[in-house]
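Participant: In this note's numbering, the protein residues as written are 17 to 286.
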């Protein structure tokens with residue numbers, strides 16, 4: 017009887033989790049569509065300096081986000097974290113997550129500082145054709161500097177979502193995209209009566225703020241499960257090395273895909 021009750025309880029929890037994630041994903045898709053319509057209606061999808069600059073600047077942090085926060089990283093991190101959780105204990109799994117966080121933060125903060133300092137060179141790399149248009153080039157540089165910290169936030173979101181997904185807690189990660197949609201919609205609505213330049217800069221700030229808010233949501237979700245990750249001195253520990261070995265092929269594959277995206281953006285900017 018107890019086994020039947022346990023099975024029913026687990027099935028109920030699975031259905032509840034599935035319904036919650038599906039519902040949040042559906043709402044996020046609807047909001048995402050509304051956001052795209054509003055953005056296109058206010059700054060356009062392209063063909064003017066503000067739209068071209070915003071989408072080009074948004075592409076670079078998005079490219080690195082796909083490398084550091086999604087796909088290959090998740091595929092390598094989650095099994096290793098779950099392995100520590102099952103074969104050892106919660107403390108060992110938490111230590112592994114902290115080691116990975118420290119290593120990842122070291123890379124991301126260094127990359128962010130470099131891009132903030134050398135943003136014009138980064139724009140040359142992403143959209144070299146903008147060099148012939150001073151207004152478009154300067155706007156892209158400005159938007160890139162505003163939005164690039166979004167990368168570090170979303171990479172930490174990816175790490176914490178891996179922790180929560182390993183614990184079968186999916187709601188915080190499923191709800192996070194709603195924040196990006198809400199912040200960008202708010203930025204567009206609040207500046208709809210202003211100039212294109214004002215709307216473009218507001219969109220950039222909305223994107224950056226959404227990254228910090230998404231990170232705050234995931235930190236709250238992880239803390240509720242007892243995973244308040246402490247900052248450590250970055251070290252290439254055996255666990256981090258194992259993560260790099262497992263994720264290496266995926267990182268290379270994702271990197272090749274993103275290089276193609278950058279090449280396409282460069283060609284389109286001419």
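All C-beta atoms in this analysis are idealised placements derived from N, C-alpha and C, irrespective of residue type, glycine included. Since the structure is predicted, the reported quantities are computational estimates derived from the model, not experimental observations.
Buried or exposed: where does residue 211 fall if 16 or more other Cβ atoms within 10 Å of its Cβ makes it buried?
Facilitator: Residue 211 should be labelled exposed.
Participant: Checking 9 Å against the spacing of the C-beta atoms, do residue 189 and residue 171 come in under that value?
Facilitator: No, Cβ-Cβ distance for residue 189 and residue 171 is not below 9 Å.
Participant: Could you name each continuous alpha helix (DSSP H) segment of 4 residues or more that falls completely within the segment 181-264, going from the start of the chain to the end?
Facilitator: Correct list: 187-206 and 212-240.
Participant: State the DSSP-derived secondary structure class of residue 25, mapped to helix, strand or coil.
Facilitator: With a pLDDT of only 39 at residue 25, under the threshold of 50, the placement of this residue in the model should not be trusted; the figure read from the coordinates follows. The answer is helix: DSSP assigns residue 25 an H, G or I state.
Participant: Would you tell me roughly how many angstroms separate the C-alpha atoms of residue 220 and residue 101, rounded to the nearest one?
Facilitator: So the alpha carbons of these two residues sit roughly 39 Å apart.
Participant: Go ahead and label residue 68 buried or exposed: buried means 16 or more other beta carbons lie within 10 angstroms of its beta carbon, across all protein chains shown.
Facilitator: With 16 or more Cβ atoms within 10 Å of its Cβ, residue 68 is classed as buried.
Participant: Please work out which residues of its chain come closer than 6 Å, Cβ to Cβ, to residue 195, disregarding the five sequence neighbours upstream and downstream, and give them in chain order.
Facilitator: Only 226, 229 and 230 meet the Cβ criterion.
Participant: Given residue 259, which residues of its chain have a CB within under 7 Å of its CB, disregarding the five upstream and five downstream residues?
Facilitator: Hits under 7 Å: 92, 93, 96 and 116.
Participant: Specify, as a first and last residue, the run of the alpha helix (DSSP H) that residue 162 falls within.
Facilitator: Residues 150-163.
Participant: With DSSP as the reference, label residue 18 as helix, strand or coil.
Facilitator: Residue confidence is low: residue 18 scores 45 on pLDDT, short of 50, so the model does not pin down where it sits. No coordinate-derived value is stated.
Participant: Would you call residue 21 buried or exposed, if buried means 16 or more other Cβ atoms sit within 10 Å of its Cβ?
Facilitator: Residue placement at residue 21 cannot be trusted, given a pLDDT of 39 that sits under 50; the coordinates are not used to answer.
Participant: When DSSP labels each residue in this structure, what does residue 59 get in the three-state scheme?
Facilitator: Of the three classes helix, strand and coil, the one that applies to residue 59 here is coil, per DSSP.
Participant: In three-state DSSP terms, what is residue 114?
Facilitator: In this structure, residue 114 counts as helix in the three-state DSSP scheme.
Participant: Taking the alpha-carbon of residue 154 as reference, which of 120, 263, 73 and 79 has the nearest alpha-carbon?
Facilitator: Nearest option by C-alpha distance: 73.
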